[in-house]
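The next block holds one structure in the form of structure tokens; read it before the comments.
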Amino acid sequence: MKVSDILRVKGNTLYTATPDEPLAHAAAVMAEKDIGSLVVMEHGDLVGMLTFREVIQAVVRNGGTVGTMLVRTAMDDAPLTCTLETDMDEVRRMMLDRHARYMPVMDKRMLMGVISFYDVAKAVVDSQNFENRMLKAYIRDWPAEEAPKA
Numbered sequence: 575m576k577v578s579d580i581l582r583v584k585g586n587t588l589y590t591a592t593p594d595e596p597l598a599h600a601a602a603v604m605a606e607k608d609i610g611s612l613v614v615m616e617h618g619d620l621v622g623m624l625t626f627r628e629v630i631q632a633v634v635r636n637g638g639t640v641g642t643m644l645v646r647t648a649m650d651d652a653p654l655t656c657t658l659e660t661d662m663d664e665v666r667r668m669m670l671d672r673h674a675r676y677m678p679v680m681d682k683r684m685l686m687g688v689i690s691f692y693d694v695a696k697a698v699v700d701s702q703n704f705e706n707r708m709l710k711a712y713i714r715d716w717p718a719e720e721a722p723k724a
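Note that my numbering has the sequence shown beginning at 575, numbered continuously upward.
Have a look at this one:
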């Protein structure tokens with residue numbers, strides 16, 4: 575299974591921020607849209623990733639308030655990325671190694687979408703459920719004289 579398979583099912587709605595917008599506005603968008611991340615874009619290029627983790631860390635550093643901080647001060651400016659062709663096993667390993675919950679999907683310099691750890695886990699479970707159904711159907715359809723004995 576590839577990243578492109580997840581994006582095909584998930585859809586392509588993207589939420590972005592710019593590095594120089596107020597962090598309070600970006601956090602409000604995340605809360606309003608019930609999303610855990612924003613891709614930070616500048617002049618058409620990916621320059622960072624903002625998740626609630628970075629927002630909370632910035633608030634703590636700032637004494638418990640967002641104040642006048644900009645997205646730039648909180649964002650991860652070296653986010654983990656993958657491509658449409660990245661294999662799901664590799665994505666899982668990368669996300670676990672970096673404790674990343676969200677990963678931008680790139681096609682060269684073009685942002686194609688964002689996948690979350692939830693998306694990856696759901697794809698794995700869906701794939702396993704499909705395989706289980708196929709195995710059960712295969713066993714159910716065996717002729718009785720050839721069926722394995724329990």
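Heads up, the beta-carbon is just placed ideally off N, CA and C, and yes, glycines get one too.
Since the model is a prediction, treat every value here as computed from it, not as a measurement.
Would you report the Cα separation of residue i and residue j, rounded to the nearest angstrom?
| i | j | result |
| --- | --- | --- |
| GLU616 | PRO593 | 7 angstroms |
| ASP579 | LYS696 | 12 angstroms |
| VAL688 | HIS673 | 16 angstroms |
| GLY637 | ALA601 | 17 angstroms |
| LYS584 | THR639 | 34 angstroms |
| ALA605 | ARG627 | 13 angstroms |
| MET575 | ASP650 | 28 angstroms |
| ASP700 | ASP663 | 15 angstroms |
| MET684 | GLY641 | 32 angstroms |
| ILE630 | SER611 | 12 angstroms |
| SER731 | THR657 | Residue 731 is absent from the structure shown; the chain starts at 575 and stops at 724. |
| LYS682 | MET708 | 37 angstroms |
| GLU659 | VAL577 | 6 angstroms |
| ALA648 | VAL603 | 15 angstroms |
| ALA652 | ARG582 | 26 angstroms |
| MET686 | HIS599 | 24 angstroms |
| GLY622 | LEU654 | 9 angstroms |
| TYR676 | VAL698 | 16 angstroms |
| GLU595 | MET668 | 29 angstroms |
| ARG646 | VAL634 | 16 angstroms |
| PRO678 | ASP608 | 18 angstroms |
| GLY618 | ASP661 | 26 angstroms |
Residue i and residue j: beta carbons closer than 8 angstroms?
| i | j | result |
| --- | --- | --- |
| MET680 | LEU620 | yes |
| LEU588 | LEU644 | no |
| MET591 | VAL614 | Inspection of the sequence shows that residue 591 is occupied by Ala rather than by Met. In contact: ALA591 and VAL614 (Cβ atoms closer than 8 angstroms). |
Tell me the residue span of the alpha helix (DSSP H) that contains residue i.
| i | result |
| --- | --- |
| MET604 | 597–607 |
| LEU581 | 577–584 |
Where does residue i land, buried or exposed, given buried means 16+ other C-beta within 10 angstroms?
| i | result |
| --- | --- |
| LEU670 | exposed |
| ALA745 | Only positions 575 to 724 of the chain appear in the structure, and residue 745 is not among them; the question remains open. |
| TYR692 | exposed |
| VAL694 | buried |
| VAL665 | buried |
At what residues does the beta strand (DSSP E) containing residue i begin and finish?
| i | result |
| --- | --- |
| GLY687 | 684–690 |
(request) Please go through the segment 614–679 and give each complete beta strand (DSSP E) segment of 3 or more residues, from N-terminal end onward. (result) 619–625
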